[in-house]
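> This is the structure I have questions about; it appears just below.
In my numbering, the protein residues as written are 1039 to 1293.
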(Lines of atoms letter the chains of each structure in order from A and count residues from 1; the text may use other names and numbers.)
(Lines give C-alpha, C1' and ligand atoms only; values in the text may rest on other atoms or scores of the structure.)
Protein backbone atom coordinates (compact mmCIF):
# COMPACT_ATOMS: atom_id res chain seq x y z
CA UNK A 1 0.00 0.00 0.00
CA UNK A 2 1.14 3.54 -0.65
CA UNK A 3 2.59 5.36 2.35
CA UNK A 4 0.10 8.17 1.83
CA UNK A 5 -2.71 8.38 4.36
CA UNK A 6 -6.06 7.19 2.92
CA UNK A 7 -9.24 9.24 3.16
CA UNK A 8 -11.33 6.32 4.42
CA UNK A 9 -10.64 3.29 6.58
CA UNK A 10 -13.23 0.53 6.69
CA UNK A 11 -13.11 -1.73 9.76
CA UNK A 12 -14.79 -5.14 9.59
CA UNK A 13 -14.79 -7.25 12.79
CA UNK A 14 -14.70 -10.95 11.94
CA UNK A 15 -15.16 -14.06 14.07
CA UNK A 16 -15.40 -17.37 12.18
CA UNK A 17 -16.51 -15.64 8.97
CA UNK A 18 -14.66 -18.01 6.65
CA UNK A 19 -17.82 -18.91 4.72
CA UNK A 20 -18.58 -15.35 3.64
CA UNK A 21 -15.50 -13.18 4.14
CA UNK A 22 -14.40 -13.60 0.52
CA UNK A 23 -17.76 -12.32 -0.70
CA UNK A 24 -17.62 -9.47 1.81
CA UNK A 25 -14.16 -8.38 0.68
CA UNK A 26 -15.18 -8.58 -2.97
CA UNK A 27 -18.34 -6.52 -2.47
CA UNK A 28 -16.55 -3.87 -0.43
CA UNK A 29 -13.63 -3.69 -2.86
CA UNK A 30 -15.87 -3.40 -5.94
CA UNK A 31 -17.76 -0.54 -4.32
CA UNK A 32 -14.67 1.36 -3.18
CA UNK A 33 -12.95 1.04 -6.55
CA UNK A 34 -15.84 2.99 -8.07
CA UNK A 35 -15.80 5.73 -5.44
CA UNK A 36 -13.70 8.88 -5.19
CA UNK A 37 -12.01 8.05 -1.87
CA UNK A 38 -8.58 6.60 -1.29
CA UNK A 39 -9.08 3.78 1.20
CA UNK A 40 -7.94 0.83 3.25
CA UNK A 41 -9.97 -2.15 4.51
CA UNK A 42 -9.05 -3.61 7.90
CA UNK A 43 -10.41 -7.06 8.71
CA UNK A 44 -10.06 -7.58 12.47
CA UNK A 45 -9.81 -11.29 13.19
CA UNK A 46 -11.29 -11.93 16.63
CA UNK A 47 -9.63 -15.24 17.44
CA UNK A 48 -11.38 -17.19 14.71
CA UNK A 49 -10.95 -20.95 14.74
CA UNK A 50 -11.80 -21.37 11.05
CA UNK A 51 -10.12 -20.14 7.86
CA UNK A 52 -10.95 -16.44 8.30
CA UNK A 53 -7.40 -15.25 9.00
CA UNK A 54 -5.86 -17.33 6.21
CA UNK A 55 -8.39 -16.06 3.66
CA UNK A 56 -7.85 -12.42 4.61
CA UNK A 57 -4.07 -12.86 4.59
CA UNK A 58 -4.26 -14.34 1.08
CA UNK A 59 -6.51 -11.48 -0.07
CA UNK A 60 -4.02 -8.94 1.26
CA UNK A 61 -1.29 -10.43 -0.93
CA UNK A 62 -3.24 -9.64 -4.09
CA UNK A 63 -4.78 -6.34 -2.92
CA UNK A 64 -2.63 -3.89 -0.96
CA UNK A 65 -5.76 -2.10 0.31
CA UNK A 66 -6.64 -5.12 2.48
CA UNK A 67 -5.09 -5.44 5.94
CA UNK A 68 -5.40 -8.26 8.45
CA UNK A 69 -5.51 -7.12 12.07
CA UNK A 70 -5.21 -9.86 14.69
CA UNK A 71 -6.70 -9.80 18.18
CA UNK A 72 -4.93 -11.78 20.88
CA UNK A 73 -7.73 -14.31 21.13
CA UNK A 74 -11.50 -13.92 21.10
CA UNK A 75 -12.02 -10.51 22.70
CA UNK A 76 -15.46 -9.53 21.38
CA UNK A 77 -16.99 -7.36 18.69
CA UNK A 78 -16.58 -4.14 20.65
CA UNK A 79 -12.90 -4.82 21.26
CA UNK A 80 -12.46 -5.63 17.56
CA UNK A 81 -14.02 -2.36 16.44
CA UNK A 82 -11.89 -0.39 18.90
CA UNK A 83 -8.76 -2.25 17.82
CA UNK A 84 -9.57 -1.54 14.18
CA UNK A 85 -10.11 2.16 14.84
CA UNK A 86 -6.80 2.36 16.67
CA UNK A 87 -4.99 0.55 13.83
CA UNK A 88 -6.67 2.61 11.08
CA UNK A 89 -4.86 5.45 9.33
CA UNK A 90 -7.67 7.56 7.82
CA UNK A 91 -9.40 10.40 9.65
CA UNK A 92 -12.76 8.94 8.61
CA UNK A 93 -13.36 5.37 9.81
CA UNK A 94 -16.42 3.33 8.84
CA UNK A 95 -17.23 0.12 10.68
CA UNK A 96 -19.52 -2.45 9.11
CA UNK A 97 -20.57 -5.96 10.06
CA UNK A 98 -19.10 -8.75 7.98
CA UNK A 99 -22.56 -9.84 6.80
CA UNK A 100 -23.12 -6.44 5.13
CA UNK A 101 -26.71 -6.34 6.40
CA UNK A 102 -26.48 -2.64 5.69
CA UNK A 103 -25.29 -2.65 2.06
CA UNK A 104 -21.85 -1.10 1.63
CA UNK A 105 -23.42 1.13 -1.03
CA UNK A 106 -25.06 3.04 1.86
CA UNK A 107 -21.62 4.12 3.11
CA UNK A 108 -21.75 7.56 1.52
CA UNK A 109 -24.64 8.52 3.82
CA UNK A 110 -22.35 8.05 6.82
CA UNK A 111 -19.01 9.05 5.35
CA UNK A 112 -19.91 12.37 3.71
CA UNK A 113 -21.00 14.11 6.96
CA UNK A 114 -17.68 13.12 8.55
CA UNK A 115 -15.54 14.22 5.60
CA UNK A 116 -17.44 17.49 5.26
CA UNK A 117 -17.00 18.31 8.94
CA UNK A 118 -20.70 18.18 9.81
CA UNK A 119 -20.47 15.30 12.32
CA UNK A 120 -18.00 13.40 14.48
CA UNK A 121 -20.06 10.21 14.68
CA UNK A 122 -22.70 8.94 12.26
CA UNK A 123 -24.82 5.90 12.96
CA UNK A 124 -26.80 3.93 10.45
CA UNK A 125 -30.35 3.43 11.67
CA UNK A 126 -33.09 0.91 10.98
CA UNK A 127 -35.51 2.85 13.16
CA UNK A 128 -35.75 6.22 11.42
CA UNK A 129 -37.36 4.77 8.28
CA UNK A 130 -38.45 1.16 8.70
CA UNK A 131 -39.62 1.10 5.08
CA UNK A 132 -35.93 0.74 4.20
CA UNK A 133 -35.81 -2.68 5.89
CA UNK A 134 -36.05 -5.33 3.19
CA UNK A 135 -35.78 -8.55 5.19
CA UNK A 136 -36.78 -8.24 8.84
CA UNK A 137 -35.21 -10.09 11.76
CA UNK A 138 -37.25 -12.85 13.40
CA UNK A 139 -40.13 -11.31 15.35
CA UNK A 140 -38.73 -12.10 18.80
CA UNK A 141 -35.32 -10.64 18.00
CA UNK A 142 -36.90 -7.50 16.53
CA UNK A 143 -39.08 -6.98 19.61
CA UNK A 144 -36.14 -7.50 21.97
CA UNK A 145 -34.27 -4.84 20.01
CA UNK A 146 -37.10 -2.37 20.53
CA UNK A 147 -37.15 -3.10 24.27
CA UNK A 148 -33.38 -2.65 24.43
CA UNK A 149 -33.66 0.69 22.67
CA UNK A 150 -36.16 1.90 25.28
CA UNK A 151 -33.73 0.89 28.01
CA UNK A 152 -30.90 2.74 26.26
CA UNK A 153 -33.04 5.87 26.16
CA UNK A 154 -34.09 5.53 29.79
CA UNK A 155 -30.78 4.55 31.37
CA UNK A 156 -28.32 6.48 29.19
CA UNK A 157 -30.40 9.33 27.79
CA UNK A 158 -29.46 8.45 24.21
CA UNK A 159 -32.40 9.62 22.10
CA UNK A 160 -31.65 7.53 19.02
CA UNK A 161 -34.02 5.08 17.38
CA UNK A 162 -31.30 2.46 16.79
CA UNK A 163 -27.95 2.17 18.55
CA UNK A 164 -27.25 -1.44 17.53
CA UNK A 165 -27.04 -1.31 13.74
CA UNK A 166 -23.56 -2.52 12.79
CA UNK A 167 -22.88 0.39 10.48
CA UNK A 168 -21.25 3.52 11.93
CA UNK A 169 -18.63 6.07 10.96
CA UNK A 170 -16.28 8.13 13.11
CA UNK A 171 -13.92 11.06 12.92
CA UNK A 172 -10.90 9.17 14.18
CA UNK A 173 -9.19 11.94 16.13
CA UNK A 174 -12.45 12.68 17.96
CA UNK A 175 -13.25 9.10 18.98
CA UNK A 176 -9.83 7.70 19.85
CA UNK A 177 -10.18 9.01 23.44
CA UNK A 178 -13.53 7.22 23.64
CA UNK A 179 -12.12 3.85 22.62
CA UNK A 180 -9.19 4.37 25.01
CA UNK A 181 -11.78 4.54 27.83
CA UNK A 182 -13.91 1.68 26.47
CA UNK A 183 -14.85 -0.95 29.05
CA UNK A 184 -17.61 -2.89 27.22
CA UNK A 185 -16.03 -5.20 24.67
CA UNK A 186 -18.81 -7.44 23.40
CA UNK A 187 -22.23 -6.76 21.85
CA UNK A 188 -23.16 -3.99 24.31
CA UNK A 189 -20.32 -1.72 23.23
CA UNK A 190 -22.34 0.56 20.91
CA UNK A 191 -24.29 2.37 23.68
CA UNK A 192 -21.08 2.88 25.66
CA UNK A 193 -19.27 4.56 22.76
CA UNK A 194 -22.33 6.69 21.94
CA UNK A 195 -22.74 7.61 25.62
CA UNK A 196 -19.11 8.66 25.79
CA UNK A 197 -19.54 10.66 22.58
CA UNK A 198 -22.54 12.40 24.11
CA UNK A 199 -20.85 13.37 27.38
CA UNK A 200 -17.78 14.37 25.36
CA UNK A 201 -19.93 16.82 23.38
CA UNK A 202 -19.30 15.24 20.00
CA UNK A 203 -21.67 15.84 17.12
CA UNK A 204 -23.70 12.67 16.52
CA UNK A 205 -25.91 12.18 13.48
CA UNK A 206 -28.38 9.31 13.04
CA UNK A 207 -28.97 8.40 9.39
CA UNK A 208 -31.61 6.03 7.92
CA UNK A 209 -30.07 3.20 5.88
CA UNK A 210 -31.26 0.22 3.90
CA UNK A 211 -30.92 -3.02 5.83
CA UNK A 212 -31.63 -6.73 5.34
CA UNK A 213 -31.41 -9.41 7.98
CA UNK A 214 -28.67 -11.94 7.22
CA UNK A 215 -28.55 -15.42 8.70
CA UNK A 216 -25.60 -16.43 10.83
CA UNK A 217 -25.76 -13.81 13.57
CA UNK A 218 -23.37 -14.47 16.47
CA UNK A 219 -25.82 -12.90 18.94
CA UNK A 220 -27.54 -15.40 21.25
CA UNK A 221 -30.96 -13.94 21.86
CA UNK A 222 -31.53 -14.57 25.56
CA UNK A 223 -28.05 -14.82 27.09
CA UNK A 224 -26.60 -11.93 25.11
CA UNK A 225 -29.71 -9.77 25.62
CA UNK A 226 -29.33 -10.24 29.37
CA UNK A 227 -25.64 -9.36 29.20
CA UNK A 228 -26.34 -6.26 27.09
CA UNK A 229 -28.87 -5.06 29.66
CA UNK A 230 -26.27 -5.53 32.38
CA UNK A 231 -23.82 -3.58 30.21
CA UNK A 232 -26.16 -0.58 30.39
CA UNK A 233 -26.06 -0.80 34.18
CA UNK A 234 -22.27 -1.07 34.04
CA UNK A 235 -22.06 2.06 31.89
CA UNK A 236 -24.12 4.06 34.40
CA UNK A 237 -22.02 2.68 37.25
CA UNK A 238 -18.74 3.48 35.48
CA UNK A 239 -19.96 7.01 34.87
CA UNK A 240 -21.07 7.41 38.50
CA UNK A 241 -17.66 6.20 39.70
CA UNK A 242 -15.82 8.64 37.42
CA UNK A 243 -14.20 5.96 35.30
CA UNK A 244 -14.84 7.86 32.06
CA UNK A 245 -13.42 11.17 33.31
CA UNK A 246 -11.22 13.32 31.11
CA UNK A 247 -8.48 15.50 32.50
CA UNK A 248 -9.25 19.14 31.77
CA UNK A 249 -5.89 19.72 30.12
CA UNK A 250 -5.93 16.63 27.92
CA UNK A 251 -7.94 15.19 25.06
CA UNK A 252 -9.97 18.32 24.38
CA UNK A 253 -12.48 17.55 21.62
CA UNK A 254 -11.54 19.08 18.30
CA UNK A 255 -13.72 20.44 15.53
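Every residue gets a Cβ at the ideal spot worked out from N, C-alpha and C, and that includes glycine.
Distance check for residue 1216 and residue 1274, CA to CA, integer angstroms please.
If you take the alpha carbons of residue 1274 and residue 1216, they lie about 15 Å apart.
> Does the distance from the C-beta atom of residue 1223 to that of residue 1266 stay below 8 Å?
The answer is no: Cβ separation not under 8 Å.
> Restricting to runs no shorter than 3 residues, where is the beta strand (DSSP E) found entirely within the segment 1115 to 1163?
You should have 1130 to 1134, 1159 to 1163.
> Taking DSSP's pairing of strands, which residues face residue 1047 in a bridge?
Per DSSP, 1078, 1131.
> Give me the Cβ distance between residue 1078 and residue 1210, rounded to the nearest whole Å; I'm assuming they're in contact under 8 Å.
At roughly 12 Å, the Cβ-Cβ gap does not stay under 8 Å, so residue 1078 and residue 1210 are not in contact.
> Under the assumption that residue 1122 contacts residue 1082 (Cβ atoms under 8 Å), give the Cβ distance between them as a whole number of angstroms.
That pair is a contact at about 5 Å.
> Buried or exposed for residue 1197, please, with buried defined as at least 16 other CB atoms from any protein chain shown within 10 angstroms of its CB.
Result: exposed.
> Please report how far the alpha carbon of residue 1161 lies from the alpha carbon of residue 1253, in whole angstroms.
One C-alpha to the other measures close to 22 Å.
> Determine which residues share a DSSP beta bridge with residue 1249 and list them.
In the DSSP output, where bridge partners are listed per residue, residue 1249 has 1171.
> If you draw a straight line from the C-alpha of residue 1050 to the C-alpha of residue 1134, how long is it?
If you take the alpha carbons of residue 1050 and residue 1134, they lie about 5 Å apart.
> Could you check where the alpha helix (DSSP H) with residue 1313 kicks off and where it finishes?
No answer is possible for residue 1313: the residues shown for the chain start at 1039 and end at 1293.
> Comparing alpha-carbon positions, which option in 1065, 1149, 1250 lies nearest residue 1175?
Residue 1175 has its Cα closest to that of 1250, out of 1065, 1149, 1250.
> Along the beta strand (DSSP E) that carries residue 1104, what are the first and last residues, could you check?
From DSSP, the beta strand (DSSP E) with residue 1104 extends over 1104 to 1108.
> By the 10 Å Cβ neighbour count, where 16 or more other Cβ atoms means buried, how is residue 1090 classified, buried or exposed?
Its Cβ being crowded by 16 or more others within 10 Å, residue 1090 is buried.
> Under 8 Å: do the segment 1138 to 1156 and the segment 1231 to 1239 share three or more Cβ pairs, one atom per stretch?
Contact fails: fewer than three Cβ-Cβ distances are below 8 Å.
> Tell me which same chain residues have a C-beta within less than 6 Å of the C-beta of residue 1173, skipping the five on either side of it?
Excluding positions up to five away in sequence, the list reads 1250, 1251.
> Do you know how far the Cα of residue 1063 is from the Cα of residue 1070?
So the two alpha carbons sit approximately 10 Å from each other.
> Are the segment 1107 to 1120 and the segment 1180 to 1190 touching by the rule of at least three beta carbon pairs closer than 8 Å?
The segment 1107 to 1120 vs the segment 1180 to 1190: no contact.
> Measure from the alpha carbon of residue 1056 to the alpha carbon of each residue in 1144, 1109, 1042, 1137, then state which is nearest.
Ranking the options by Cα distance to residue 1056, first place goes to 1137.
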